[in-house]
Every structure is written in structure tokens, then in C-alpha cells.
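Q:
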Amino acid sequence: MYRNTPTGYGRIAITFHWLMAMLILGMLGFGLYLDRLPQSDPRLFGLYQLHKSFGFVVLALAALRLVWRLLNPSPKLPDGMPVWERLAAHLGHIGLYALIFAMPITGWLMVSASPWGIPTVIFNTLPVPHLPYPEMLGTKEQAEGFFKALHAYGAYLLIALILVHIAAALKHHFIARDDTLKRMVSTEPARSSDDLFSEKADA
Ligand code: HEM
Ligand code: HEM
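Numbering (our numbering), first residue to last: 128 to 330.
#1: So G281 and T233 are supposed to be a Cβ contact under 8 Å. How far apart are they, rounded?
#2: How about Y260: is its Cβ closer than 7 Å to a heavy atom in ligand 1?
#3: Return no unless some Cβ of chain D is closer than 8 Å to the Cβ of Y280.
#4: Assuming L188 is part of the alpha helix (DSSP H), what are its boundary residues?
#5: When the distance is taken between beta carbons, is Y136 closer than 8 Å to R318?
#6: Do I141 and T266 come within 8 Å of each other at the CB atom, strictly closer than that value?
#7: Quick one: give me the first and last residue of the alpha helix (DSSP H) that V312 is part of.
#8: Drop a sphere of 10 angstroms on the beta-carbon of K203, count the other beta-carbons inside from all chains shown, and report buried for 16 or more, exposed for fewer.
#9: Secondary structure at T247, three-state DSSP: helix, strand or coil?
#10: Within the present structure, is the beta-carbon of H278 separated from the nearest heavy atom of ligand 1 by less than 7 Å?
#11: Under 7 Å: does the beta carbon of A229 sit that close to some heavy atom of ligand 2?
#12: Which of the three DSSP states, helix, strand or coil, is assigned to T266?
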């Protein structure tokens, strides 16, 4: 059961979700930790290369995940959910997807604009070119500061969205007692749509 069905997520979507959830939570913690290290710390250069490398892994996975999402049906939200909750769920997921892309892209723009011109070499193997720096933002320092602020505020917004997202998943599981969390953990709810279709075919 690799593909999604109207009643649940397939194995690929579930793997993308949890792999990226772990990477992104790790990157948020890692970024906040790096920000608190003194500039004189000798490990800083290597640790930033690692942060940037995993950031590009997230960007590549995000692109693949988006393609997979567009090629698959999205499971329907549970019946009986009020309109505002449906809207909140859709907006929440759009916001999460947007930030999964925005975090690595603002990071990339930040290091590209930096007057230090420090190269990015993914896992010490694959060099990444710098993006052209938008001159309308002023000097390189100003552009770097702008993207640095976007990267930091993006991180705080992402943390807030993830907390609401986790609270919503727990509410579905323990209060509404529906399949929402179960279908992001197991492919069984996705398979039950096959049962529905085969029952229809039998009838
Ligand atoms: C999933 C992707 C990413 C996440 C979640 C993430 C998260 C963070 C966080 C939370 C911080 C600390 C922000 C602060 O408190 O000021 C940070 C800093 C930083 N990140 Fe990322 N990051 C990601 C990807 C990237 C990428 C791809 C690059 C570069 C190519 C990058 C470059 C940096 C740099 C240079 C800083 C230090 C900024 C400063 O001096 O304050 N990040 N990141
Ligand atoms: C313990 C942590 C988490 C739990 C319990 C959780 C739970 C869930 C559940 C149950 C769904 C399915 C919602 C539905 O069927 O309508 C979902 C979807 C989603 N989650 Fe999470 N999640 C967690 C962490 C994260 C993190 C860290 C991110 C990324 C920043 C994330 C991004 C998403 C996205 C983008 C979707 C929409 C998937 C799609 O329809 O393509 N989640 N999550």
C-alpha cells in the first residue's frame, strides 16, 4: 500500500511525514543551539556546515514530497468536522508545507548574501552555488540581515504551528477518537477504502 487512498495515507506519505518531522524538529533545535554558541567557538564552522547540509536534505525531500502529494489523492477529513476546523486543518497544512520550503530557502539566501562569502559544501562533498543577491534590499549586509530575520521568525512561526499541529492530532485521537492520527501511523485506514470499493463491486 504505497499510495494514499480517500480514507488514509500510503506508506510513502507516512515515511515522508515522520522522516521530515524528525529532521525538521532536529534542525529547529540545532539552529537554536547554534545561535547560542559564542562566535569564538572553534566548532562553529563545522557545525554550520552540518546545519546547512541537513537543510538542503530537507529542501530536496520537500520537493519530492510535494510531487508525491500532487500525484496522490488526499485522504478526506473525518465526517462531521465543523467548517472552521476543516479550514484550519487545510490552512495549517499549507502553512507547514510553505515553511518546510521557506526555512531552507531563506537560509540559502542568507548565506548567499553574506559579505563573508563562506562556501556551502553539503556533507563536505557537494558544493552549492550562492544565489544571486537581490540588490533592491540594499547592501549585502542589509540583505543578509533581512534573510536572517526571516529565517529566525520563520523558525518561531514553524515551532508555533507544529505545537498547534501536534495538539490537533492529539485532540483527534483522544477526544474526537477518530482515525486522523492512526492514518498517519499505519496504512490500515488507507486499505479500508479498498474494502469499501470491493464491497461495492461485490454488491
Ligand atoms: C529545515 C531547514 C532549516 C531549519 C528548520 C533551520 C532552523 C534554524 C534556526 C532555528 C536557526 C536559529 C535562528 C535564530 O534564533 O536566530 C537557524 C540559524 C541559521 N541557519 Fe538555519 N535552518 C534550516 C536550514 C538552513 C539552511 C539550508 C541554511 C543555509 C544554507 C541555514 C543557515 C543558517 C544560518 C547561517 C544560521 C545562523 C543565523 C545567525 O547568525 O543568526 N539554515 N536555522
Ligand atoms: C509528534 C509530532 C507530529 C504528529 C503527532 C503529527 C501528526 C500528523 C497527522 C495525524 C497528520 C494527518 C492529518 C490529516 O490526515 O488530515 C499530519 C499531517 C501533516 N503533518 Fe504532521 N505530525 C507531527 C509533526 C509534524 C512536523 C514536525 C511537521 C513538519 C513541520 C509536520 C507536517 C505535516 C504536514 C505538512 C501534514 C500534511 C500531510 C499531507 O496531507 O500531505 N508534522 N501530521
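Where a beta carbon is used, it is the ideal one built from N, C-alpha and C, also for glycine.
Quantities reported herein were computed from a predicted structural model and do not represent experimental measurements.
A: The relevant details are as follows:
#1: Distance from G281 to T233 at the Cβ level is roughly 6 Å; contact confirmed, criterion being Cβ atoms closer than 8 Å.
#2: no
#3: Absent here is chain D; the protein component of the structure consists of one chain.
#4: 171-198
#5: no
#6: No, these two residues do not count as a Cβ contact at 8 Å.
#7: It is not in any alpha helix (DSSP H) - V312 carries neither H nor E in the DSSP assignment.
#8: exposed
#9: strand
#10: yes
#11: Taking 7 Å as the cut-off, one finds no heavy atom of ligand 2 near enough to the beta carbon of A229.
#12: coil
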